[in-house]
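Residue numbers (our numbering): 253 to 384.
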C-alpha cells in the first residue's frame, strides 16, 4: 500500500511547544508534516504524523492528527501508545514492530511504501545506486 500524500503546516503553537525549554524534541522542528499512514479515506479518517518519542522506547509518543484543509482544517497533538503489532519472519529471524500508533487505520508500517523516501534513501547510501 502506498503512503498517504497529505501534508500540512504545523500550527505555530505546536512548533512553540516542541521548541520550549525542556521539551524532548529536535532543535529545529520541520514546519510541515507528512501523513505517515497508508492511503486512506481522507474525509473520514484523520491524517497522522509522528512528532516526538516518549521518555522511554515503550512509552507513548507525541503524534499530530489533522483532518480537512485550509480554514476547515482541525488538528490536535497528543501522546498515543505504539501499535502492539509485530512482524516475525521465521526464515530470517527478523522481528519488526509497527512504527505507527495503536488502533491506526489500514495497514501496518511494514506494509506502507513511500516511493519518494525510498528514492531519497537510495541516493544517500553510497554504492547501492546504479550510478554509485
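All C-beta atoms, glycine included, are put in the ideal place defined by N, C-alpha and C.
Considering only the alpha carbon of each residue, which of 299, 310, 332, 349 lies closest to residue 325? Sequence index remark: in the chain shown, residue 325 carries index 73 (1-based). Among 299, 310, 332, 349, the Cα nearest to that of residue 325 belongs to 299.
For residue 345, which of helix, strand or coil comes out of DSSP? To locate residue 345, count along the chain shown from 1; it is residue 93. Residue 345 falls in the coil class under three-state DSSP.
In terms of DSSP beta bridges, what is residue 338 paired with? Against the chain shown, residue 338 aligns to sequence position 86. In the DSSP output, where bridge partners are listed per residue, residue 338 has 349.
For residue 375, which three-state DSSP category applies? For the purposes of this step, residue 375 is identified with residue 123 of the chain shown, where counting begins at 1. Of the three classes helix, strand and coil, the one that applies to residue 375 here is helix, per DSSP.
Boundaries of the beta strand (DSSP E) in which residue 326 is found, first to last residue: Position 74 of the chain shown holds residue 326. Note, residue 326: beta strand (DSSP E), 326-332.
Helix, strand or coil for residue 286, going by three-state DSSP, please let me know. Residue mapping note: residue 286 aligns to position 34 of the chain shown, counting from 1. Strand, per DSSP.
Could you give the first and the last residue of the continuous beta strand (DSSP E) run that contains residue 303? Within the chain shown, residue 303 is the residue found at index 51, counting from 1. Note, residue 303: beta strand (DSSP E), 299-304.
Which residues mark the beginning and the end of the beta strand (DSSP E) in which residue 261 is found? The residue you call residue 261 lines up with position 9 of the chain shown. 259-261 is the extent of the beta strand (DSSP E) around residue 261.
Spatial distance of residue 255 from residue 359 (CA atoms): Taking the first residue of the chain shown as 1, we reach residue 255 at position 3. Taking the first residue of the chain shown as 1, we reach residue 359 at position 107. Distance between the alpha carbons of residue 255 and residue 359 is about 10 Å.
Would you list the residues sitting across from residue 315 in a DSSP beta bridge? As a first step, residue 315 must be located in the chain shown, where it is residue number 63. Answer is 302, 330, bridged to residue 315.
For residue 368, three-class secondary structure by DSSP: For this step, residue 368 is matched to residue 116 along the chain shown. Here residue 368 sits in helix by DSSP.
Which of the three DSSP states, helix, strand or coil, is assigned to residue 276? Counting from 1 along the chain shown, the entry for residue 276 is found at position 24. A caution first: residue 276 carries a pLDDT of 49, below 50, which makes its placement in the model unreliable, though a value can still be read off. Residue 276: coil per DSSP, three-state reduction.
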